[in-house]
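Number of protein chains: 2
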Amino acid sequence: MLYLIGLGLSYKSDITVRGLEAIKRCSRVYLEHYTSILMAASQEELEHYYGKTVILADRELVESGSDKILSGADKEDVAFLVVGDPFGATTHTDLVLRAKRQNISVEIIHNASVMNAVGSCGLQLYQFGQTISMVFFTENWRPDSWYDKIMENRKIGLHTLVLLDIKVKEQSIENMARGKLIYEPPRYMSISQCCEQLLEIEDKRNAKAYTSDTPAVAISRLGSASQEFKAGTIQELVEYDAGEPLHSLVILGRQCHELELEYLLEFADDREKFKADVLKDQEFFKPAPWVPPAEEDSE
Amino acid sequence: MLYLIGLGLSYKSDITVRGLEAIKRCSRVYLEHYTSILMAASQEELEHYYGKTVILADRELVESGSDKILSGADKEDVAFLVVGDPFGATTHTDLVLRAKRQNISVEIIHNASVMNAVGSCGLQLYQFGQTISMVFFTENWRPDSWYDKIMENRKIGLHTLVLLDIKVKEQSIENMARGKLIYEPPRYMSISQCCEQLLEIEDKRNAKAYTSDTPAVAISRLGSASQEFKAGTIQELVEYDAGEPLHSLVILGRQCHELELEYLLEFADDREKFKADVLKDQEFFKPAPWVPPAEEDSE
Chain L
1 MLYLIGLGLS YKSDITVRGL EAIKRCSRVY LEHYTSILMA ASQEELEHYY GKTVILADRE
61 LVESGSDKIL SGADKEDVAF LVVGDPFGAT THTDLVLRAK RQNISVEIIH NASVMNAVGS
121 CGLQLYQFGQ TISMVFFTEN WRPDSWYDKI MENRKIGLHT LVLLDIKVKE QSIENMARGK
181 LIYEPPRYMS ISQCCEQLLE IEDKRNAKAY TSDTPAVAIS RLGSASQEFK AGTIQELVEY
241 DAGEPLHSLV ILGRQCHELE LEYLLEFADD REKFKADVLK DQEFFKPAPW VPPAEEDSE
Chain G
1 MLYLIGLGLS YKSDITVRGL EAIKRCSRVY LEHYTSILMA ASQEELEHYY GKTVILADRE
61 LVESGSDKIL SGADKEDVAF LVVGDPFGAT THTDLVLRAK RQNISVEIIH NASVMNAVGS
121 CGLQLYQFGQ TISMVFFTEN WRPDSWYDKI MENRKIGLHT LVLLDIKVKE QSIENMARGK
181 LIYEPPRYMS ISQCCEQLLE IEDKRNAKAY TSDTPAVAIS RLGSASQEFK AGTIQELVEY
241 DAGEPLHSLV ILGRQCHELE LEYLLEFADD REKFKADVLK DQEFFKPAPW VPPAEEDSE
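Protein sequences, first through last, are from chains L and G.
If you're matching positions, the first sequence starts at 1 in full-length UniProt numbering and goes up one per residue.
If you're matching positions, the second sequence starts at 1 in full-length UniProt numbering and goes up one per residue.
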């Protein structure tokens, strides 16, 4: 059996009881280690907690070396651990398909991920549109296809979850060229940098998908003891120091209900200003006033 | 301390280790019991598992009697358990705000909910638009405001998660009129009924937000041992007997990537037909072909 087990967001004890019981049965335990990190527990702590050796699985192992992971899983139990949920922001459907083709049974043990725990900022999950990813801009690579997606979401009034880039086990181009297997220290995008990149692209595109006054919610260390939310405009969040990673961001849509706003105000420095910013932003993409359709009366 | 603790989707052991540890510290334990049910565990089983009495909290208690729940939570620990995640489909932000106003500390212990576990059908979570709820139609009440939301999602190519109605502890109008406190047996909407209602409203609105040939994924008993997925058109799913509750549905959007489709084909009765249905459906809301913008060259 191959178990795909979500670890949740932060603590080692965020694993489900069922997940932990499954790990105890496994002869090999892999931890997916390139799309996210468990904030409050190191590899050693996890090994101690599980009573098992934990093998770190980088992108190469998962994408090209999956036969290694699946080896023997038709006869013994193997666990593949994923921070958050196995079908969260990065889905591991490929590994599942490969397993099935080798007649290996697969069991998924779900957990919270940023995709649903983001609801704890007070915005309703069913009011979110598509999720976007913000990557670190480089001198020559400043991708902005996410801009259209924010526009699409905001046109229909929806909130946008922005996932911020994580660079783990990356090589510099220099070291790669020299054939040196030296990894750069891990990098995690900050809310401030994300907001800067948002404003740079709005400046370039200038289609008013959002403005520097558009309200947003900064989310840091979601699900951990030091979790923090900050409500402010994108411009205000450029100046915001959110501290340690991991960070995410939600750009508000027009459909911000009263109860959602009331909850967000708890996280605003200046409640009156934030309220005014939200009201002002709701003028964007405002639909024409509703006119009762004459046809329906005759039904 | 007030703990809001997600129970996950199905098994009693789907609770996180941290959640279970918190319950053990609590002097009172409430279970929210009107928006969802834990499929594989009864109240008695939970009580035995936790070693605590579990008080069922109906809508009335949570919405009007929250002072009872919060009573003493500034001095002792109280748990409020929610199937799925406390900020999933139904958010309990109101209870959190009330607690904060009484200077009661609140800790959220997240878990998987349908809002993220739906990813296990193989569709990418970041390609989902707003979520809709389908209620039981009655003779005089057949609300269809969700139709516009499906249209909005599909216009920009996104998938739509449809949450199906649950009626727990409802009174019949007759018994209510007679002042008799008799509750109807719980009812859970089936995928088949949901698809019927979808087609009825498409028939009435006729704006082609979707058609009877639009592909969808039926999800039954998500996260449980008897979990099942079925890929088919809405018309095909009218005929589909998905068995025991709980059920949900995903209506596909145009942005169905190759890997998503490959995964879905595992759940189709007739793979070639489903593939053809998806390709045909992708013609809906297809944007005009892309023309390189002349301006960008000059930058």
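Ideal Cβ positions, reconstructed from N, Cα and C, are used throughout, including at glycine.
| contact_flag[the segment 209-217 of chain L, the segment 237-256 of chain L] where n(CB pairs < 8 Å) is 3 or more | Yes, the segment 209-217 of chain L is in contact with the segment 237-256 of chain L.
| query | In or out: methionine 115 of chain L buried (at least 16 other Cβ within 10 Å) or exposed? | reply | On the first sequence, position 115 is the one that residue 115 of chain L refers to. Looking at its Cβ environment, which holds 16 or more other Cβ atoms inside 10 Å, methionine 115 of chain L is buried.
| Can the beta-carbon of alanine 207 of chain G be found closer than 8 Å to that of isoleucine 150 of chain G? | Within the second sequence, numbered from 1, the residue matching residue 207 of chain G stands at position 207. Within the second sequence, numbered from 1, the residue matching residue 150 of chain G stands at position 150. Not a contact, by the Cβ cut-off of 8 Å.
| query | Helix or strand or just coil, what does DSSP make of tyrosine 30 of chain G? | reply | The residue labelled residue 30 of chain G in the question sits at position 30 within the second sequence. DSSP places tyrosine 30 of chain G in the strand class (E or B) of the three-state scheme.
| request: Compute the Euclidean distance between the alpha carbons of tyrosine 30 of chain G and aspartate 77 of chain G, then round it to the nearest angstrom. | output: The residue labelled residue 30 of chain G in the question sits at position 30 within the second sequence. The residue labelled residue 77 of chain G in the question sits at position 77 within the second sequence. In this structure, the straight-line span from the alpha carbon of tyrosine 30 of chain G to that of aspartate 77 of chain G is close to 12 Å.
| query | Beta-carbon separation of arginine 178 of chain G and phenylalanine 284 of chain G under 8 Å? | reply | Taking the first residue of the second sequence as position 1, residue 178 of chain G is located at position 178. Taking the first residue of the second sequence as position 1, residue 284 of chain G is located at position 284. No Cβ-Cβ contact shorter than 8 Å links arginine 178 of chain G with phenylalanine 284 of chain G.
| Among residues of its own chain, excluding the 5 on either side of tryptophan 146 of chain G, which ones have a beta-carbon nearer than 6 Å to its beta-carbon? | Here residue 146 of chain G refers to the residue found at position 146 of the second sequence. Answer for tryptophan 146 of chain G: Ile132, listed in chain order.
| message | What ranges does the beta strand (DSSP E) occupy inside the segment 101-179 of chain G, keeping only unbroken runs of at least 3 residues that lie completely in it? | response | DSSP runs (the beta strand (DSSP E)) wholly in the segment 101-179 of chain G: 106-109, 132-134 and 160-164.
| request: Name the two residues that bound the continuous beta strand (DSSP E) containing isoleucine 219 of chain L. | output: To locate residue 219 of chain L, count along the first sequence from 1; it is residue 219. For isoleucine 219 of chain L, the enclosing beta strand (DSSP E) begins and ends at 215-220.
| When you check each C-beta in the segment 18-32 of chain G against every C-beta of chain L, which residues fall closer than 9 Å? | Residues passing the 9 Å Cβ filter: Arg18, Gly19, Leu20 and Glu21.
| request: For the segment 68-84 of chain G and the segment 16-32 of chain G, state whether three or more C-beta atom pairs, one from each stretch, are separated by less than 8 Å. | output: Flag = yes, the segment 68-84 of chain G and the segment 16-32 of chain G touch.
| query | When the distance is taken between beta carbons, is glycine 223 of chain L closer than 8 Å to alanine 112 of chain L? | reply | By one-based count along the first sequence, residue 112 of chain L stands at place 112. By one-based count along the first sequence, residue 223 of chain L stands at place 223. The beta carbons of alanine 112 of chain L and glycine 223 of chain L sit closer together than 8 Å.
| Between L:Met134, L:Gly88, L:Ser66 and L:Gln124, which lies nearest to glutamine 102 of chain L when the distance is taken from Cα to Cα? | Numbered from 1 along the first sequence, position 102 holds the residue referred to as residue 102 of chain L. Comparing Cα-Cα distances from glutamine 102 of chain L to each of L:Met134, L:Gly88, L:Ser66 and L:Gln124, the minimum goes to L:Ser66.
| said: Please report the straight-line C-alpha distance between glutamate 299 of chain L and arginine 205 of chain G, rounded to a whole angstrom. | reply: As a position in the first sequence, residue 299 of chain L is number 299, starting the count at 1. As a position in the second sequence, residue 205 of chain G is number 205, starting the count at 1. Note on glutamate 299 of chain L: pLDDT 44, under 50, position unreliable in the model; no value is reported.
| field | Nonlocal neighbours in the same chain, by C-beta distance under 7 Å from lysine 68 of chain L, ignoring five residues either side | value | Here the question's residue 68 of chain L lines up with position 68 in the first sequence. Leu61.
| Going along chain L in order, which residues have a C-beta closer than 9 Å to the C-beta of glycine 88 of chain G? | Working through the second sequence from its first residue, we reach residue 88 of chain G at position 88. At a beta-carbon threshold of 9 Å, the residues of chain L lying near glycine 88 of chain G are Asn116, Gly119 and Leu125, ordered along the chain.
| histidine 247 of chain L vs serine 190 of chain L beta-carbon contact at 8 Å | Within the first sequence, numbered from 1, the residue matching residue 247 of chain L stands at position 247. Within the first sequence, numbered from 1, the residue matching residue 190 of chain L stands at position 190. In contact: histidine 247 of chain L and serine 190 of chain L (Cβ atoms closer than 8 Å).
| said: I'd like to know whether the C-beta of serine 50 of chain L is nearer than 8 Å to at least one C-beta of chain G. | reply: Within the first sequence, residue 50 of chain L is the residue found at index 50, counting from 1. The question names serine, but residue 50 of chain L is tyrosine in the sequence shown. No, tyrosine 50 of chain L lies away from the interface with chain G (no Cβ there is under 8 Å from its Cβ).
| request: Note down the Cα distance separating serine 172 of chain G from leucine 95 of chain G, rounded to an integer number of angstroms. | output: Taking the second sequence and counting its residues from 1, one reaches residue 172 of chain G at position 172. Taking the second sequence and counting its residues from 1, one reaches residue 95 of chain G at position 95. The straight-line gap from Cα to Cα measures roughly 28 Å.
| said: Give me the chain L residues within the contact set of threonine 93 of chain G, using Cβ-Cβ distance strictly less than 7 Å, ordered along the chain. | reply: Residue mapping note: residue 93 of chain G aligns to position 93 of the second sequence, counting from 1. The contacting residues are Gly122, Leu259 and Tyr263.
| Which residues in chain G sit within 7 Å of alanine 294 of chain L, going by Cβ to Cβ distance? | Your numbering for residue 294 of chain L matches position 294 in the first sequence. Under the 7 Å cutoff, chain G gives no residues; its nearest Cβ is about 15 Å from alanine 294 of chain L.
| request: Please confirm if phenylalanine 285 of chain G has its CB atom under 8 Å from at least one CB of chain L. | output: For the purposes of this step, residue 285 of chain G is identified with residue 285 of the second sequence, where counting begins at 1. Taking CB atoms only, phenylalanine 285 of chain G has no neighbour in chain L less than 8 Å away.
| field | From G:Tyr240, G:Thr233 and G:Ala22, residue whose alpha carbon lies closest to that of lysine 275 of chain G | value | Start at 1 with the first residue of the second sequence, and residue 275 of chain G comes out as number 275. Closest by alpha carbon: G:Thr233.
| request: Answer with buried or exposed for threonine 138 of chain L, where buried requires no fewer than 16 other C-beta atoms within 10 angstroms of its C-beta. | output: The residue labelled residue 138 of chain L in the question sits at position 138 within the first sequence. Residue burial annotation: threonine 138 of chain L is exposed, with fewer than 16 other C-beta atoms found within 10 angstroms of its C-beta.
| request: Could you tell me if glycine 243 of chain G is buried or exposed, where buried requires 16 or more neighbouring beta carbons within 10 angstroms of its beta carbon? | output: Residue mapping note: residue 243 of chain G aligns to position 243 of the second sequence, counting from 1. So glycine 243 of chain G counts as exposed.
| query | So, are the CB atoms of serine 13 of chain L and threonine 91 of chain G less than 8 Å apart? | reply | Working through the first sequence from its first residue, we reach residue 13 of chain L at position 13. Working through the second sequence from its first residue, we reach residue 91 of chain G at position 91. Contact flag unset, no.
| From glutamine 227 of chain L to arginine 221 of chain L, what does the alpha carbon distance come to, in whole angstroms? | As a working mapping, residue 227 of chain L is identified with position 227 in the first sequence. As a working mapping, residue 221 of chain L is identified with position 221 in the first sequence. Going from the Cα of glutamine 227 of chain L to the Cα of arginine 221 of chain L covers about 5 Å.
| Run of the alpha helix (DSSP H) containing glycine 19 of chain L, from where it starts to where it stops | Here residue 19 of chain L refers to the residue found at position 19 when the first sequence is read from its first residue. Per DSSP, glycine 19 of chain L is one residue of the alpha helix (DSSP H) stretching across 17-25.
| request: Out of L:Lys100, L:Pro287 and L:Lys52, point me to the one whose CA is closest to serine 71 of chain L's CA. | output: Along the first sequence, read from residue 1 onward, the residue named residue 71 of chain L stands at position 71. The candidate whose alpha carbon is nearest that of serine 71 of chain L is L:Lys100.
| said: Along the segment 71-82 of chain L, where does the CB come closer than 7 Å to a CB of chain G? Name the residues. | reply: Look at the segment 71-82 of chain L: it has no residue with a C-beta under 7 Å from a C-beta of chain G.
| Are any of the Cβ atoms in chain L nearer than 8 Å to that of threonine 35 of chain G? | In the second sequence, counting from the first residue as 1, residue 35 of chain G sits at position 35. The C-beta of threonine 35 of chain G comes no closer than 8 Å to any C-beta of chain L.
| Residues bridged to arginine 205 of chain L (per DSSP) | Residue numbering aside, residue 205 of chain L sits at position 205 when the first sequence is read from its first letter. Answer by DSSP bridge pairing: none, since arginine 205 of chain L is not bridged.
| task | Spatial neighbours of leucine 125 of chain L within its chain, please: CB distance less than 6 Å, with the 5 preceding and 5 following residues excluded, ordered by chain position. | result | Position 125 of the first sequence, counted from the first residue, corresponds to residue 125 of chain L. Beyond the five residues adjoining it in sequence on each side, leucine 125 of chain L comes within less than 6 Å, by CB distance, of Gly119 in the same chain, given in chain order.
| Selection from G:His159, G:Ser212, G:Thr160 and G:Tyr188 that minimises the alpha carbon distance to lysine 167 of chain G | On the second sequence, position 167 is the one that residue 167 of chain G refers to. The shortest C-alpha separation from lysine 167 of chain G is found at G:Tyr188.
| query | leucine 261 of chain G: which of L:Leu97, L:Gln282 and L:Val162 sits nearest, CA to CA? | reply | To locate residue 261 of chain G, count along the second sequence from 1; it is residue 261. Leucine 261 of chain G has its Cα closest to that of L:Leu97, out of L:Leu97, L:Gln282 and L:Val162.
| message | Tell me which residue opens and which closes the beta strand (DSSP E) that isoleucine 55 of chain L is part of. | response | Sequence index remark: in the first sequence, residue 55 of chain L carries index 55 (1-based). Start and end: 54-57.
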